[in-house]
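Protein chains in written order, with our numbering: chain L, 1 to 295; chain B, 1 to 172.
Put into structure tokens, the structure is as follows:
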């Protein structure tokens, strides 16, 4: 029996070589001991795995919220009204209009049409979590981590302004101020001001620069900073559902200034006076920009 | 009503420290057994998620055995295992002149190859014990905790591992 443990003790340097020299095959054992010191194995990517664990832990928590709501309904049913105070889950659903929401810590959310948002007003001070299905613009006060849970991923921030557009099929985040962290099953991306990220349900990721300082739909005016003319035109086309022909414009132009999100005519006046363009309407939804010859 | 004092494991910082302390060894242990990186990663994820869920019920001193019990149960049905892919650190420094001759180097390379294939022929339990000691510098006491067996049993496994390594190497 003793013999059984002797080899192990020798390998662990508890027994010196000289006590083992007579053992059959000692030469080979010694080589094994020496050579195996140089062995190396694959390592765990600790950071990546921990992020996945944290993400799944948070998802689990949101399952608990459903459970809490069920419990609250039950408590009401029993008539313990005071008890339900613990479960101050709020839900806001918009149909065709946007809605402004102010959270207990003065953070502001503007919820776009056709969107759904949930948070808990009472536990807010410990846990700044909202869950979102749809589109919303956030102005977050500084404080503990602010989490936006969506069907495809998680957005984590400290204090900043950003927009989230999230459904089951696609997920995009635009950051307008500060920094936000976007986490999905496969990606993790930190966005700085004026960066946006788009993630499809096939988990492809696209990162882009954005030249404006808040989403078009939240306010009557939007500030653009050094935006290329092409980008300005694209924004107008998309927002007002029109077509603009700029094929005759030769110069590279950058635009800085305020544009209206309501009034197309006002925008055309601003652009034509800033850059000496003539703007002509071709048909109901089509316009053409022409450089003014006189200048 | 007696108020239950919540375990420290539920504190995020403690949880994170526990992860830094145990995740790597947990991963290695299961990688040595099954030779599959994905399974070993899964095991780390599953056992730590379970720990978070049960953080109120697991006191700090019990965390290690909790993790290994969950992990062992998780993989209990995986019978087949793959080749463990190991490398040698190229450490030629501090060699004597004798050890730098082409013949010596050639012989050593051959021995290295033999050792790798012998390691892959060990039983998963023996392999894990052997590699945790040789690669990760774990003491027999630590290995006993990881494998959830006695120190004597670890020593026995190790001795048997050495015998079977020698046997394979000398007969290739």
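Where a beta carbon is used, it is the ideal one built from N, C-alpha and C, also for glycine.
- Within the model, the alpha-carbon separation for residue 172 of chain B versus residue 114 of chain B is close to 7 Å.
- At a beta-carbon threshold of 8 Å, the residues of chain L lying near residue 155 of chain B are 4, 5, 8, 9, ordered along the chain.
- Chain order gives no chain L residues near residue 30 of chain B, where near means a beta carbon separation below 8 Å; the closest approach is about 10 Å.
- Residue 124 of chain L sits close to residue 103 of chain L, with the two beta carbons spaced by under 8 Å.
- Excluding residues up to 5 positions away in sequence, 70 lie with their Cβ nearer than 7 Å to the Cβ of residue 50 of chain B in the same chain.
- The stretch 111-154 of chain B is shown to contain whole alpha helix (DSSP H) runs of 4 or more residues at 124-134, 140-147, in chain order.
- In the structure shown, the three-state DSSP call for residue 146 of chain L is strand.
- In terms of beta-carbon proximity, residue 66 of chain B stays away from the interface with chain L, with every pair separated by 8 Å or more.
- Contact between residue 168 of chain B and residue 118 of chain B holds: CB atoms are separated by about 4 Å, below the 8 Å threshold.
- Under the three-state reduction of DSSP output, residue 199 of chain L falls in the strand class.
- Around residue 122 of chain B, the same chain offers 130, 161, 164, 165 as residues with beta carbons nearer than 8 Å, after the five sequence neighbours per side are excluded.
- Residue state for residue 85 of chain B is assigned as coil, using DSSP reduced to three classes.
- Using beta-carbon distances, residue 49 of chain L counts as an interface residue toward chain B, with a partner under 8 Å.
- Leaving aside the five residues that flank residue 183 of chain L on each side, the residues in its chain whose CB is nearer than 7 Å to its CB run, in chain order, 51, 55, 153, 154, 156.
- The alpha-carbon of residue 256 of chain L is positioned some 13 Å away from that of residue 273 of chain L.
- With a threshold of 8 Å between beta carbons, residue 36 of chain L makes contact with chain B.
- For residue 29 of chain B, the enclosing alpha helix (DSSP H) has its first and last residue at 12-34.
- Membership of residue 47 of chain B in the alpha helix (DSSP H) is indicated by the continuous run 37-53.
- Non-local C-beta neighbours of residue 35 of chain B in its own chain, meaning closer than 6 Å and more than five positions away in sequence, comprise 81, 82, 83, 84, ordered along the chain.
- In this chain, residue 187 of chain L is not harboured by any alpha helix (DSSP H), its DSSP state being neither H nor E.
- In the structure shown, residue 229 of chain L falls within a helical segment according to DSSP collapsed to helix, strand and coil.
- Per DSSP, the beta bridge partners of residue 212 of chain L are L:224.
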